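Take a look at the structure below.
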Amino acid sequence: MLKRYLDRQELILPELELVEDKSVLLIIGGGIAAYKSLELIRELGRQGVACRCVLTKAGSEFVTPLSVSALCGEKVFQDLFDLTDESEMGHIELSRSTDLVVVCPATADLLAKAANGHANDLASTALLATDKRVMMVPTMNVRMWDHPATQRNIAQLREDGVHVMKPDVGPMACGEFGPGRLPEVDAIVTDILGLLHDASNGPLKGRTAVVTAGPTREPLDPVRYISNHSSGKQGYAIAYALSRLGADVTLVTGPTALTPPKGVTTVKIETAEEMLQAVNKTLPADVFVSVAAVADWRPANRSDRKIKAKAGEDKLGALELVENPDILKTVSGKRRKRPTLVVGFAAETNDVERHAREKLARKGCDWIVANDVSGDVMGGGDNQIALISRTSLERWPRMGKSAVAIKLAQRIAQELNRPMEERDAAE
Ligand code: C5P
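Residue numbering for the sequence shown follows the numbering used here, starting at 97 and increasing by one per position.
Right under this line is the structure:
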């Protein structure tokens, strides 16, 4: 189901379901903000999380089961006493065959029911029957929010281990002003992912990682630039995989069409020089993974106005280029702030392994991930790589870019967690 859903999205990270196949039971309550649950389903799908949905009776006054089902790609559950639903999937199973239960929007009524253990409809029954963590995203009129009964219910829910988000403050649909607005979908997704992926015990816990991704753009004038076809998919997937293993990750990225992975600090740049500056700012770090397709050259002069193409006026034909800084080489050569592990990529079209070995020596990095880009690798979903160090060579089978990312992140974790003496001996 998730794969089908992801295939429908335009700007998704590649095959994130391989990173972790997680799902959420989303209970949609009846509030004016219910329409935002549709955006939530969409955004979760982009981050690789599948949704199964329960729509309360009040919720169906605001969004239709058809629109919810079109977005989550599954039928919507509405009725506790629906014989077909119960025979296909009972309410107990519904509440347990998921990784997290999210109530969004959570109305004052749903909060009250959950706090007091009511079970008189599908939503409240699922909340009582679940053995999974529950997250509530309250939204209501400011007076209802401030009411001691609501505050009492929230305190009770938190004591019971429910994650209750704070509503935003601002103008409300009813014309009043104050706390009670639904938080931004982005903030809701961040909290959901945080609960889904408890990375606090991952093998890269306490480690910092810097990943570069995407192309750089080297401007000629305000409208033209030199660049390449890099999609950023491999670099984004690596940043995501490292963070899922517990690392504190900064992704320095050139322009791409991808949604930045949640839980990763993303720094957007355009040129190679900006990329180097941004990388320098993030050091020291434990590991640097240089995936970006940095333009090797940039125009010597950047014109402040659009260069005229008309013959005789300007000379677009004779382009003078100067070399860009080599970011990987610069980071590898650092004395004080050199990361413990520096990983470069080598995109080659022929003699892949020989060129990769030369590159390893020339750049001074510890590992080179070599890939053959003679086929459809650039911009495509698959990759076939060889992992090369000074003393070893591993050929990996062709796999999705996410699978490459996970495997590489795991190898990085292994390497960083090896005892120091062992690592020195391998040099
Ligand atoms: O020399 P080449 O571009 O083939 O090297 C590829 C590796 O070097 C990649 O890891 C890429 O991110 C990095 N690189 C860099 N700065 C450059 C050129 C390449 O960091 N100016």
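Idealized CB from N, CA, C, for every residue including glycine. Computed from a predicted model, the values in this text were never measured in an experiment.
By the C-beta density criterion, HIS293 is buried, having at least 16 other C-beta atoms within 10 angstroms. The Cβ atoms of PRO311 and TYR332 lie no closer than 7 Å to each other.
Within the chosen limit of 6 Å, the ligand C5P reaches the beta carbon of VAL390 through at least one heavy atom. A direct Cα-Cα distance of roughly 11 Å separates LEU206 from MET236. Per DSSP, reduced to three states, the secondary structure at ASN397 is coil, with no helix or strand assignment. Under the DSSP assignment, ARG507 falls outside any beta strand (DSSP E), being part of the alpha helix (DSSP H) whose first and last residues are 497-512. Comparing C-alpha distances from VAL385 to each of ASN479, LEU134, TRP463, ASN216 shows the shortest one belongs to TRP463. For the beta strand (DSSP E) assignment, the uninterrupted runs of no fewer than 3 residues enclosed by the stretch 422-483 are, from N- to C-terminal side, 437-444, 463-468. One Cα belongs to ALA457, the other to LEU162, and the distance between them is close to 59 Å.
The three-state reading of DSSP puts ASP392 in coil, since its state is none of H, G, I, E or B.
Put simply, of VAL285, ALA283, PRO267, ILE284 the residue whose alpha carbon is nearest the alpha carbon of ARG277 is PRO267. The DSSP assignment places complete beta strand (DSSP E) segments of no fewer than 3 residues inside the stretch 256-304 at 264-267, 273-277, in order along the chain. Judged by DSSP in its simplified three-state form, THR180 adopts helix. If you draw a 10 Å sphere on the C-beta of ARG432, you find fewer than 16 other C-beta atoms in it, and that means exposed. DSSP lists ALA482 as the bridge partner or partners of ARG491.
Judged by their CB atoms, ALA381 and PRO421 are not nearer to each other than the 7 Å cut-off. For ASP462, the Cβ stays outside the 6 Å cut-off from all heavy atoms of the ligand C5P. SER133 and VAL172 do not touch by the CB rule: their CB atoms are close to 11 Å apart, not below 8 Å.
For THR246, the secondary structure class from DSSP, reduced to helix, strand or coil, is helix. DSSP places ALA309 in the strand class (E or B) of the three-state scheme.
Distances taken from the Cβ of SER220 to the heavy atoms of the ligand C5P include none shorter than 6 Å. Shortest gap from the CB of SER323 to any heavy atom of the ligand C5P: 6 Å or more. Taking one beta carbon from each stretch, the stretch 311-328 and the stretch 350-365 have 3 or more pairs nearer than 8 Å; the two touch. Taking C-beta separations shorter than 7 Å and ignoring five residues to either side along the sequence, the partners of LEU196 in its chain run VAL120, LYS228, ARG229, MET231, ILE288, LEU291, LEU292, following chain order. Note that the stretch 127-143 touches the stretch 185-205; at least 3 beta-carbon pairs, one per stretch, sit closer than 8 Å. The stretch 269-284 makes contact with the stretch 236-256, as at least three CB pairs between them are under 8 Å. LEU190 and ASP344 have their C-alpha atoms spaced approximately 34 Å apart. The Cβ atoms of THR152 and ALA204 do not sit closer than 7 Å to each other. Boundaries around ASP344 are those of the beta strand (DSSP E), 344-349, since no alpha helix (DSSP H) includes it.
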